[in-house]
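Worksheet for the structure shown next.
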Amino acid sequence: MKRRIICNEDFCIGCRLCEVHCNVKHSKSRDIILAYKYEKEKEPSRMTFEQKEQVCGSIVCMNCKDPLCIKACSMGAIKIEDGTVIIDTDRCVGCWMCVMVCPFGAIKRGDKKAFKCDHCHDEEVPICVLNCPNKALMYEAD
Amino acid sequence: MSSVIPEFIVDKNEDRCIKCKVCVRQCSEEVFKYFEEFDLIRIYNDKCVGCHRCEMMCPTDALTITKNNALYKENFHWSSYTINSIKKQAETGGMILTGSGNDKAYVSYWDRMLLDASQVTNPPIDPLREPMELRTYLGKKPDRITLKEENGEVSLETKLSPQIKLETPIMFSAMSYGSISLNACESLASAASKLGTFYNTGEGGLHKKLYKYGKNTIGQIASGRFGVDTDYLDTCAAIEIKIGQGAKPGIGGHLPGEKVTVEISETRMIPSGTDAISPAPHHDIYSIEDLKQLISLIKEATNYEKPVFVKIAAVHNSAAIASGIVRAGADVIVIDGFRGGTGAAPSVIRDNTGIPIEVALAVIDQRLRDESIRNEVSIVAAGGIRSSADAVKAMALGADAVYIATAALIAMGCTLCQKCYKGKCNWGLTTQDPVLTRRLNPELGSQRLTNLVNSWNLEIKEILGSMGINAIEALRGNRLRLRGVGLTELESKILGIEHAGM
Numbered sequence: 001m002k003r004r005i006i007c008n009e010d011f012c013i014g015c016r017l018c019e020v021h022c023n024v025k026h027s028k029s030r031d032i033i034l035a036y037k038y039e040k041e042k043e044p045s046r047m048t049f050e051q052k053e054q055v056c057g058s059i060v061c062m063n064c065k066d067p068l069c070i071k072a073c074s075m076g077a078i079k080i081e082d083g084t085v086i087i088d089t090d091r092c093v094g095c096w097m098c099v100m101v102c103p104f105g106a107i108k109r110g111d112k113k114a115f116k117c118d119h120c121h122d123e124e125v126p127i128c129v130l131n132c133p134n135k136a137l138m139y140e141a142d
Numbered sequence: 001m002s003s004v005i006p007e008f009i010v011d012k013n014e015d016r017c018i019k020c021k022v023c024v025r026q027c028s029e030e031v032f033k034y035f036e037e038f039d040l041i042r043i044y045n046d047k048c049v050g051c052h053r054c055e056m057m058c059p060t061d062a063l064t065i066t067k068n069n070a071l072y073k074e075n076f077h078w079s080s081y082t083i084n085s086i087k088k089q090a091e092t093g094g095m096i097l098t099g100s101g102n103d104k105a106y107v108s109y110w111d112r113m114l115l116d117a118s119q120v121t122n123p124p125i126d127p128l129r130e131p132m133e134l135r136t137y138l139g140k141k142p143d144r145i146t147l148k149e150e151n152g153e154v155s156l157e158t159k160l161s162p163q164i165k166l167e168t169p170i171m172f173s174a175m176s177y178g179s180i181s182l183n184a185c186e187s188l189a190s191a192a193s194k195l196g197t198f199y200n201t202g203e204g205g206l207h208k209k210l211y212k213y214g215k216n217t218i219g220q221i222a223s224g225r226f227g228v229d230t231d232y233l234d235t236c237a238a239i240e241i242k243i244g245q246g247a248k249p250g251i252g253g254h255l256p257g258e259k260v261t262v263e264i265s266e267t268r269m270i271p272s273g274t275d276a277i278s279p280a281p282h283h284d285i286y287s288i289e290d291l292k293q294l295i296s297l298i299k300e301a302t303n304y305e306k307p308v309f310v311k312i313a314a315v316h317n318s319a320a321i322a323s324g325i326v327r328a329g330a331d332v333i334v335i336d337g338f339r340g341g342t343g344a345a346p347s348v349i350r351d352n353t354g355i356p357i358e359v360a361l362a363v364i365d366q367r368l369r370d371e372s373i374r375n376e377v378s379i380v381a382a383g384g385i386r387s388s389a390d391a392v393k394a395m396a397l398g399a400d401a402v403y404i405a406t407a408a409l410i411a412m413g414c415t416l417c418q419k420c421y422k423g424k425c426n427w428g429l430t431t432q433d434p435v436l437t438r439r440l441n442p443e444l445g446s447q448r449l450t451n452l453v454n455s456w457n458l459e460i461k462e463i464l465g466s467m468g469i470n471a472i473e474a475l476r477g478n479r480l481r482l483r484g485v486g487l488t489e490l491e492s493k494i495l496g497i498e499h500a501g502m
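Sequences listed follow chains A and B, in order. The numbers in the UniProt record's numbering rise by one with no breaks, and the one at position 9 of the first sequence is 9. The numbers in the UniProt record's numbering rise by one with no breaks, and the one at position 366 of the second sequence is 366.
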């Protein structure tokens with residue numbers, strides 16, 4: 001199943017709550033206050049929020065049909081599984097080539113490993129879409 | 001230095017705050033400012049208008065907005081509001097402006113009326129098992145009808161005046177594009193079309209994007225005549241002449257030039273950046289005869305196919321005015337009570353002018369009945385209808401349908417902070433700032449409005465069932481199903497209802 005999260009920038013209100021909820025979801029405790037105030041290990045958000053003057057929006061991995069990141073990865077650490085692009089952290093050596101080639105800026109540099117949106121594969125609807133207060137983030141699965 | 005004490009206190013619980021800065025980004029009044037150097041969110045209480053946007057957006061419930069209880073020494077005669085108003089006026093020399101409806105503690109007659117229910121001798125009906133009719137037709141009804149029979153088929157011989165069909169007796173009241181955002185207008189329009197009812201353009205003209213909802217649009221013509229042309233008259237299903245508004249009877253409108261964006265200027269057909277001023281009177285209406293001319297003109301222009309509404313504010317001699325309006329040829333009279341809302345009005349007018357809608361409605365209905373002209377017009381009650389119960393009571397007092405606007409805004413997010421006139425609405429409703437207007441996704445807005453009216457419909461059906469009637473038509477003007485509580489003899493007489501126990 002291919003999952004896609006799309007942002008309608010006409011209705012993105014720039015609150016960045018998608019980032020907050022994404023961080024909480026990928027924290028150890030999954031509790032907003034513990035994750036932000038007490039947990040030591042923190043990764044940057046999987047969402048890429050961009051703003052230029054009055055237009056803003058969040059972008060995540062689009063699960064491209066023919067992903068450039070797979071071609072760029074010399075370690076073969078990136079693969080498509082059930083329509084979703086996945087980074088195998090055991091194989092990743094942190095060369096950041098995927099980060100360089102991703103046209104959406106959706107792959108992030110973590111602690112020596114690349115990481116990106118996992119489309120909340122364990123949830124019915126990705127957590128950012130679920131919590132978007134203005135339904136600017138939309139979710140498609142096919 | 002301002003001598004006005006802040007009305008609200010913004011309290012941030014540091015144990016809960018995760019410094020996500022949602023509050024900083026969401027507050028259009030700039031109450032919050034983040035200092036990166038000190039990793040500090042600084043709060044400016046004096047700028048807070050009490051709209052609670054930050055409180056609702058905060059993901060950890062770290063914020064609480066409270067009324068500043070220390071606001072001056074308690075004084076029954078000189079309230080904190082009065083003292084602050086005097087201070088503001090002493091500082092600025094201007095009128096105090098305000099938005100939305102009258103918030104003063106005048107009596108609400110809706111709360112002094114109770115509904116009847118059936119017991120034993122006239123059994124109630126279960127609305128879940130039996131059909132309930134809420135369909136309503138607005139327009140002039142004939143004195144009598146004649147039928148003709150041809151080849152065994154019966155048909156209507158009388159030619160009916162134009163009517164509009166409502167699937168629910170609840171419509172969305174006039175709010176112009178300009179006073180509210182296009183997204184808010186679109187939410188109302190799309191909800192009205194989904195619900196089979198109507199919304200009103202206010203005096204803002206009809207945006208090109210909204211022409212597709214024309215069948216569910218009532219086009220308003222007010223004293224500024226903004227946005228009126230052939231296409232407008234042809235597209236709208238009915239035309240409303242606005243004489244007055246409940247929140248500000250006798251006062252015109254003023255959309256400041258900075259709100260007149262290119263799109264608004266195109267829709268209103270005025271130069272962009274210029275003030276859109278609706279005069280207090282229609283300069284061509286100084287008598288009932290003049291009103292008759294305008295009504296005739298509109299009917300002529302629309303080929304006698306569309307009902308013409310006339311909207312007046314509820315004032316002291318509304319009944320006589322209403323009688324004149326019927327004789328001038330209006331198909332529907334809209335009465336807007338003193339609790340009705342506004343985008344901007346002088347506080348002194350909003351808080352001190354007009355009369356309650358309950359009273360105006362009762363006396364107008366009675367006057368028209370006494371003069372045997374009640375069938376010539378439908379009555380729409382507006383101004384402060386808060387719930388389905390208010391709507392049902394209005395219909396029992398004689399209204400054919402009700403208009404809601406404040407309730408509709410609340411459904412779309414409004415918290416009645418009454419700062420509509422500032423143009424910085426944090427909910428994207430009463431603003432034209434492109435950053436703020438996108439806070440209302442019309443898809444969501446329309447869904448919430450549809451939900452609201454659908455739930456009121458369910459409640460109205462439930463009330464009708466409890467009264468043992470299966471059509472809203474049977475309740476209309478049926479004041480025997482109302483009883484007053486805590487009303488004086490005179491109040492009961494004016495409202496035309498018996499006191500409880502009678």
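Cβ coordinates follow ideal geometry from the N, Cα and C atoms, glycine included.
- With respect to the 9 Å criterion, K306 of chain B and A237 of chain B are classified as neighbours on the basis of their beta carbons.
- Within 10 angstroms of the beta-carbon of A474 of chain B lie fewer than 16 other beta-carbons, which makes it exposed.
- The region 397-406 of chain B and the region 161-173 of chain B touch, with three or more beta-carbon pairs separated by less than 8 Å.
- Taking the CA atoms as reference points, K33 of chain B sits about 29 Å from L409 of chain B.
- With respect to chain A, the C-beta atom of M57 of chain B has a partner C-beta closer than 9 Å.
- Secondary structure of Q220 of chain B (DSSP, three-state): strand.
- Counting only Cβ-Cβ distances below 7 Å, T60 of chain B has contacts in chain A at I32 and I33, in chain order.
- Look at the beta carbons and you see the region 328-338 of chain B touching the region 231-250 of chain B: at least three pairs across the two are nearer than 8 Å.
- Listed in chain order, the alpha helix (DSSP H) elements of length 4 or more contained wholly in the region 293-381 of chain B are 318-327, 347-352 and 357-370.
- Bridge partners of M138 of chain A according to DSSP: A:I6.
- Inter-residue distance for L97 of chain B and K88 of chain B is about 11 Å (C-alpha atoms, whole angstroms).
- Look at F38 of chain B here: in three-state DSSP terms it is helix.
- Of all residues in the region 116-130 of chain A, none is placed with a Cβ closer than 8 Å to any Cβ belonging to chain B.
- Under a criterion of Cβ atoms nearer than 8 Å, no residue of chain A is adjacent to R135 of chain B; the nearest Cβ is some 32 Å distant.
- A280 of chain B has its alpha-carbon roughly 53 Å from the corresponding atom of E37 of chain B.
- In this structure, the beta-carbon distance from K242 of chain B to K311 of chain B falls below 9 Å.
- The C-beta distance from R91 of chain A to G105 of chain A rounds to 22 Å, too long to fall under 8 Å, and the pair is not in contact.
- In the structure shown, Q245 of chain B falls within a coil segment according to DSSP collapsed to helix, strand and coil.
- Here the alpha carbons of A411 of chain B and D116 of chain B stand approximately 29 Å from one another.
- Exposure of Q54 of chain A is indicated by the presence of fewer than 16 other C-beta atoms within 10 angstroms of its C-beta.
- The alpha helix (DSSP H) runs of length 4 or more contained entirely in the UniProt domain "4Fe-4S ferredoxin-type" (39-68) of chain B are, from start to end of the chain, 53-57.
- Look at H499 of chain B here: in three-state DSSP terms it is strand.
- Residue B:S446 holds the alpha-carbon nearest to the alpha-carbon of N134 of chain A among B:L195, B:I463, B:S446 and B:S492.
- Less than 9 Å divides the Cβ of G202 of chain B from the Cβ of Q220 of chain B.
- Taking the C-beta atoms as reference points, G253 of chain B is found nearer than 9 Å to A222 of chain B.
- In this chain, Y137 of chain B is not harboured by any alpha helix (DSSP H); it is covered by the beta strand (DSSP E) spanning T136 to L138.
- Per DSSP, G273 of chain B is not a residue of any alpha helix (DSSP H), being assigned neither H nor E.
- Residue state for K19 of chain B is assigned as coil, using DSSP reduced to three classes.
- In this model, A141 of chain A and R3 of chain A are separated by some 5 Å (Cα to Cα).
- Residue-level contact check: Y139 of chain A does not touch chain B, since none of the beta carbons of chain B fall below 9 Å from its beta carbon.
- Contact between the region 14-29 of chain A and the region 61-74 of chain A is absent: fewer than 3 CB-CB pairs across the two stretches fall below 8 Å.
- CA-to-CA, the gap between A136 of chain A and I5 of chain A works out to about 10 Å.
- A check of alpha carbon separations from R135 of chain B across B:A471, B:K148 and B:S108 identifies B:A471 as the nearest.
- Residue contact check for H21 of chain A against chain B: a CB pair falls below 9 Å.
- In this chain, the beta strand (DSSP E) harbouring G57 of chain A covers V55 to I59.
- Nearest in C-alpha terms to C54 of chain B, of all of B:E91, B:K12 and B:A90, is B:K12.
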